[in-house]
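Below is one structure, written out as structure tokens; comments come after it.
Numbering (my numbering), first residue to last: 2 to 189.
The following block contains the structure:
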């Protein structure tokens, strides 16, 4: 979202939040009205645009919190999957680069780059499988576990801050709505 749209207002005042957003989004809505075509729902496109802006802002905010540990949210996500596997909480089959890419919704080459970065920093290690010497297993190192131990409390606080302006009923409604959007994206 454009920086000039950030305005301070009481968390419970949703109408003030909308008023703060309108100057930033208004020019884009004009462009939408003149370029989208009749088959595009302007209501849906407007919300989609806001989700795109928020996704950028969310990643920027979380990555700023992780910067001191020299890790990004996307790389932390990969480490978290290995932690889930190690704890027996990963239930989606072998944790291969393809499985990681499918789960995170990114390309296999993106995951390969992340795995290489994490391995170069000593956070993951590759080992040949005993039963199939052509295959590699990846696992957390002690340094990877330590990074997670340091990063996760701040990561969860950053996640909490993203929705602190919402009360419990708003959180429940947002959860339901975002789950619906997520399901649609995963189905496509």
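All C-beta atoms, glycine included, are put in the ideal place defined by N, C-alpha and C.
Item: Taking three-plus beta-carbon pairs below 8 Å as touching, is the segment 56-65 in contact with the segment 103-123?; Value: no
Item: For residue 128, collect the residues of the same chain with a Cβ closer than 6 Å to its Cβ; drop the 5 residues on either side in sequence, then sort them by chain order.; Value: 138
Item: Starting from residue 127, trace the beta strand (DSSP E) both ways and give me its first and last residue.; Value: 125-129
Item: Can you tell me where the alpha helix (DSSP H) holding residue 75 begins and where it ends?; Value: 74-87
Item: Which of the three DSSP states is assigned to residue 42 in this structure?; Value: coil
Item: Residue 113: which of 84, 123, 98, 68 sits nearest, CA to CA?; Value: 98
Item: On the three-state DSSP scale, how would you describe residue 138?; Value: strand
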